[in-house]
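Asker: If you count by this note's numbering, then the sequence shown holds residues 892 to 1213, one letter each, in order.
Just so it is clear, CB atoms sit at the ideal spot from N, CA and C, and this is done for glycine as well.
Remember, it's a predicted structure, so these values are computed and weren't measured experimentally.
Supplied in structure tokens, the structure appears directly below.
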Amino acid sequence: MEQEPLYCDVGRIGNPQSRRCLIVTSGVHGIEGFCGSAIQDELLTCGLLQPHLDSIQVLVVHAVNPFGFSHLRRVNEDNVDLNRAFVPSDRYTQRDLEYEAFRAEVFPCRWQGSQLQKIMRKLHRFSETKGLGVLQDLLTRGQYQYSDDPFFGGQDRPWSWSLWQRICEDIEAQSDYVVHLDIHTGLGDYGSLEIIFAGQPESAELSLAQSWFGTKAVRVPGSSGSRSARVSGPLGSHLIQFDVQVVPVGLEFGTQPLDAMLNALVADNWLTSNLDCDKDQAAHIKQEVEAVFVCRDPNWTVEVWREFKARVLQALEGLTQW
Ligand SMILES: [Zn+2]
């Protein structure tokens, strides 16, 4: 690792007396921070917030996972998927027998020294026989037993967990009503947006989100129509444990097909344990990872900003009238 300094930056603007707060977070999945960072930058400079700053506060958290952002990885420095890390600590010791059976079929006992081609063949066969949806559910929902596997949610509180905890405490002290927009890329059709609700299903906050953004637009992970599996411990779920009313949503912008995204993540996970592999192979894996999470197509960028702008205006209206 280069000994580079890494930062998560937190900025607050607006009326400090207001108890209403809009939060926009980026880079909880490090490499997805390119899109999130660009959106935050545009949001702060385009004048969209200006008419609202007398009546609300805006909190911008840039690069929740600075290691992943810097090293073009979705996970943090300990291979932890931070969007699976916000679970009660007793979750660390609970076994997930379905996941254990799945990993026994697809993943090696030891990643170090394993053959990527063999893993990809098994992954493909599993998807062909059981279905891509079943693969997505088992692989991506989050697991707490295998630190070298993808979608590992940790067995301890990572640095970014403590940071987000401190930010949540600060929000609780200063706010009563909160809308949290957490920006992601990688799931869904190219350039399209899925609004993923991160709070409790069938809650008053879900009804609020649906009334602001549209009933069909807001998806509950794992429900019909959602591209996201039911995942454990997303960042947005943490703030609901504090004494604030919060509407937490993930804004997921589509890039490449789901199977390409999952393949790239598994390959990148393999690479971490096999850094001594062929240099061309390593470069190819990093290119694939970048291709599924970082989109530089100007048409995509325009569409993503158009969608975000529409959604942030709906959130601001909802927040001020709450
Ligand atoms: Zn993400």
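So what's P1139 in DSSP terms, helix, strand or just coil?
Answerer: Walking along the sequence shown from the start, residue 1139 turns up at place 248. Note: P1139 maps to strand in three-state DSSP.
Asker: Tell me, which residues are paired with T1106 by DSSP?
Answerer: The sequence position of residue 1106 within the sequence shown is 215, counting from 1. None; T1106 has no bridge partner.
Asker: Run through the DSSP bridge pairs and tell me what F1088 is partnered with.
Answerer: Locating residue 1088 in the sequence shown gives position 197, counting from the first residue. Beta-bridge pairing links F1088 to V1140.
Asker: Whole-angstrom Cβ separation of I1218 and L950, contact assumed at under 8 Å?
Answerer: Any answer about residue 1218 is impossible in this case: the structure gives the chain only from 892 up to 1213.
Asker: Can you find a heavy atom of ligand 1 that lies under 6 Å from the Cβ of F920?
Answerer: Residue mapping note: residue 920 aligns to position 29 of the sequence shown, counting from 1. Per the sequence shown, residue 920 should be read as His rather than Phe. The answer is yes for H920.
Asker: Give the range of the alpha helix (DSSP H) segment to which V1195 is assigned.
Answerer: Position 304 of the sequence shown, counted from the start, is the residue given in the question as residue 1195. Segment P1189 to Q1212, the alpha helix (DSSP H) holding V1195.
Asker: Can you give the beta carbon distance from Q1136 to E1096, rounded, assuming they're within the 8 Å contact cut?
Answerer: Counting from one through the sequence shown, the residue named residue 1136 turns up at place 245. Counting from one through the sequence shown, the residue named residue 1096 turns up at place 205. About 7 Å separates the CB atoms of Q1136 and E1096; that is less than 8 Å, so the two are in contact.
Asker: Return yes when the Cβ of Q931 is within less than 7 Å of the Cβ of N909, no when it is not.
Answerer: Position 18 of the sequence shown holds residue 909. Position 40 of the sequence shown holds residue 931. Here residue 909 is Ser; the residue named in the question, Asn, does not match the sequence. Contact: no.
Asker: In whole angstroms, give me the CA-to-CA distance for F1017 and L1149.
Answerer: Counting from one through the sequence shown, the residue named residue 1017 turns up at place 126. Counting from one through the sequence shown, the residue named residue 1149 turns up at place 258. F1017 and L1149: Cα-Cα distance of roughly 15 Å.
Asker: Nearest-angstrom Cα distance between L913 and C937?
Answerer: Locating residue 913 in the sequence shown gives position 22, counting from the first residue. Locating residue 937 in the sequence shown gives position 46, counting from the first residue. The straight-line gap from Cα to Cα measures roughly 16 Å.
Asker: Please go through the same chain and pick out, in chain order, the residues whose beta-carbon is closer than 7 Å to the beta-carbon of E968, but skip the five residues on each side of it.
Answerer: Along the sequence shown, read from residue 1 onward, the residue named residue 968 stands at position 77. Correct list, in chain order: F958.
Asker: Residue range of the beta strand (DSSP E) that L1072 falls in?
Answerer: Against the sequence shown, residue 1072 aligns to sequence position 181. Start and end: Y1068 to T1076.
Asker: Per DSSP, what kind of secondary structure is I947 in: helix, strand or coil?
Answerer: Residue mapping note: residue 947 aligns to position 56 of the sequence shown, counting from 1. DSSP places I947 in the coil class of the three-state scheme, outside both helix and strand.
Asker: Check each candidate in Y1081, L1078, E1085 and V1109 and name the one with the smallest Cα separation from Q1091.
Answerer: As a first step, residue 1091 is located in the sequence shown; it is residue number 200 there, counting from the start. Checking every option, the nearest Cα to that of Q1091 belongs to V1109.
Asker: Tell whether a beta-carbon distance below 7 Å holds between I904 and L1210.
Answerer: Mapped onto the sequence shown, residue 904 falls at position 13. Mapped onto the sequence shown, residue 1210 falls at position 319. Taking C-beta atoms as the reference points, I904 and L1210 fail to come closer than 7 Å.
Asker: Is DSSP giving H962 helix, strand or coil here?
Answerer: Start at 1 with the first residue of the sequence shown, and residue 962 comes out as number 71. Shown here, H962 sits in coil according to DSSP, grouped into three states, outside any helix or strand.
Asker: Can you tell me whether Q1027 is buried or exposed, with buried defined as 16 or more other CB within 10 angstroms of its CB?
Answerer: Within the sequence shown, numbered from 1, the residue matching residue 1027 stands at position 136. Flag for Q1027 reads buried.
Asker: On the three-state DSSP scale, how would you describe G1024?
Answerer: Sequence index remark: in the sequence shown, residue 1024 carries index 133 (1-based). The answer is helix: DSSP assigns G1024 an H, G or I state.
Asker: Under 7 Å Cβ to Cβ from Y983, same chain only, skipping five residues before and after it: list those, please.
Answerer: What you label residue 983 is simply residue 92 of the sequence shown in a count that begins at 1. Here the set comprises Y1035 and Q1046.
Asker: May I have the straight-line CA-CA distance separating L940 from P1125, to the nearest angstrom?
Answerer: Counting from 1 along the sequence shown, the entry for residue 940 is found at position 49. Counting from 1 along the sequence shown, the entry for residue 1125 is found at position 234. L940 and P1125: Cα-Cα distance of roughly 27 Å.
Asker: When you compare the CB positions of N956 and G921, do they come within less than 7 Å of one another, or not?
Answerer: The sequence position of residue 956 within the sequence shown is 65, counting from 1. The sequence position of residue 921 within the sequence shown is 30, counting from 1. Closer than 7 Å, so yes.
Asker: Nearer than 6 Å: is that true of the beta carbon of E1093 relative to any heavy atom of ligand 1?
Answerer: Reading the sequence shown from its first residue, position 202 is the one you call residue 1093. The answer is no for E1093.
Asker: Please indicate yes or no: does the CB of E1181 lie closer than 6 Å to some heavy atom of ligand 1?
Answerer: For the purposes of this step, residue 1181 is taken as the residue at position 290 of the sequence shown. No, the Cβ of E1181 stays beyond 6 Å of every heavy atom of ligand 1.
Asker: What do you get for Q1147, buried or exposed, if any count of 16 or more other CB atoms within 10 angstroms of its CB means buried?
Answerer: In the sequence shown, the residue the question calls residue 1147 occupies position 256. The residue in question, Q1147, is buried, as its Cβ has 16 or more Cβ neighbours within 10 Å.
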